[in-house]
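Novice:
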Amino acid sequence: MGDHPAVAATLPGTDSADAVLRVGEIGFDEPRTLLERHGLALVAIADGEAIPGSFWGDTEAGIIGTTVYARADTPVHSLLHEACHLLVLPEEKRALVHTDATDSIEEEDATCYLQIVLAGQLPSVGSARLMEDMDRWGYTYRLGSTRAWFEQDAIEAQAFLRVRGLPVG
């Protein structure tokens, strides 16, 4: 399988997926402030409305340009994941993004790593909780868990982020 963290979502409605932290539980202010520090905007979408730019649909966050869209029922890991897709791109490419931002396995890995790092900057979340939620949702890694990948097998993701001047810890 290589270093690529095969990402597969667990179907919402299962016990595991329902246990993930949702944006409504922490509010929009904390993640909005974090994203603004990185040049991104966060737009709250009304309950029941479709989320613009959502690749997976349902409750998953969406991205268009430098804006991340989420509802109160959006998983925090999804909001951070989509934001990190934008952050790993060169700035000139961000404005062109609509719904799908991944160009490579390397970008996907860096995105997964960065979302864990940024979760550590959200006092209401933290990196440990985010990694647990990623496992609950169905992210899969060859070492068996998000934490094992993050701590033992993400050298390429760290290198990718360093080259772009993004945080690795």
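This note's numbering applies: residue 1 is where the sequence shown begins, and numbers increase by one. The beta-carbon is built from N, C-alpha and C at its ideal position, and this holds for glycine as well. Note that the structure is a prediction, hence the values are computed from the model and not measured.
Along the chain, where does the beta strand (DSSP E) containing Tyr69 start, and where does it finish?
Specialist: Thr67 to Ala70
Novice: Could you tell me which residues DSSP pairs with Leu79 in its beta bridges?
Specialist: DSSP, once it has assigned bridges, lists no residue as partnering Leu79.
Novice: Would you mind working out which of Ala19, Leu40, Ile45 and Ser16 sits nearest Gly27, comparing C-alpha positions?
Specialist: Ile45
Novice: Specify, as a first and last residue, the run of the beta strand (DSSP E) that Leu89 falls within.
Specialist: Note, Leu89: premise wrong, no beta strand (DSSP E); not H, not E.
Novice: For Arg147, which residues of its own chain have a beta-carbon under 7 Å away from its beta-carbon, when the five flanking residues on both sides are left out?
Specialist: Met131
Novice: Using the Cα positions of Ala83 and Leu40, report the straight-line distance between them to the nearest angstrom.
Specialist: Computed Cα separation, rounded: 8 Å.
Novice: Curious, which full-length alpha helix (DSSP H) runs of at least 4 residues does the segment 123-159 contain?
Specialist: 127-137 and 146-152
Novice: Need the endpoints of the alpha helix (DSSP H) that Ile116 sits in, please.
Specialist: Taken as a continuous stretch (DSSP letters only), the alpha helix (DSSP H) holding Ile116 covers Ile105 to Ala119.
Novice: Quick check on the DSSP output: the beta strand (DSSP E) that includes Ile26 runs from which residue to which?
Specialist: Per DSSP, Ile26 lies in no beta strand (DSSP E) segment; the continuous alpha helix (DSSP H) that holds it begins and ends at Val23 to Ile26.
Novice: Using a 10 Å radius around the Cβ and a threshold of 16 neighbouring Cβ atoms, would you call Pro5 buried or exposed?
Specialist: In this prediction, Pro5 scores a pLDDT of 48, lower than 50, which makes its location untrustworthy; no coordinate-derived value is stated.
Novice: Would Thr217 be called buried (16 or more neighbouring beta carbons within 10 Å of its own) or exposed?
Specialist: Past the boundaries of the shown model lies residue 217; the chain is included only from 1 to 169, so the question cannot be answered.
Novice: If you follow the alpha helix (DSSP H) that Leu34 is in, where does it begin and where does it stop?
Specialist: Asp29 to Arg37
Novice: Hey, could you find the ends of the beta strand (DSSP E) Gly62 is sitting in?
Specialist: Gly62 to Ile64
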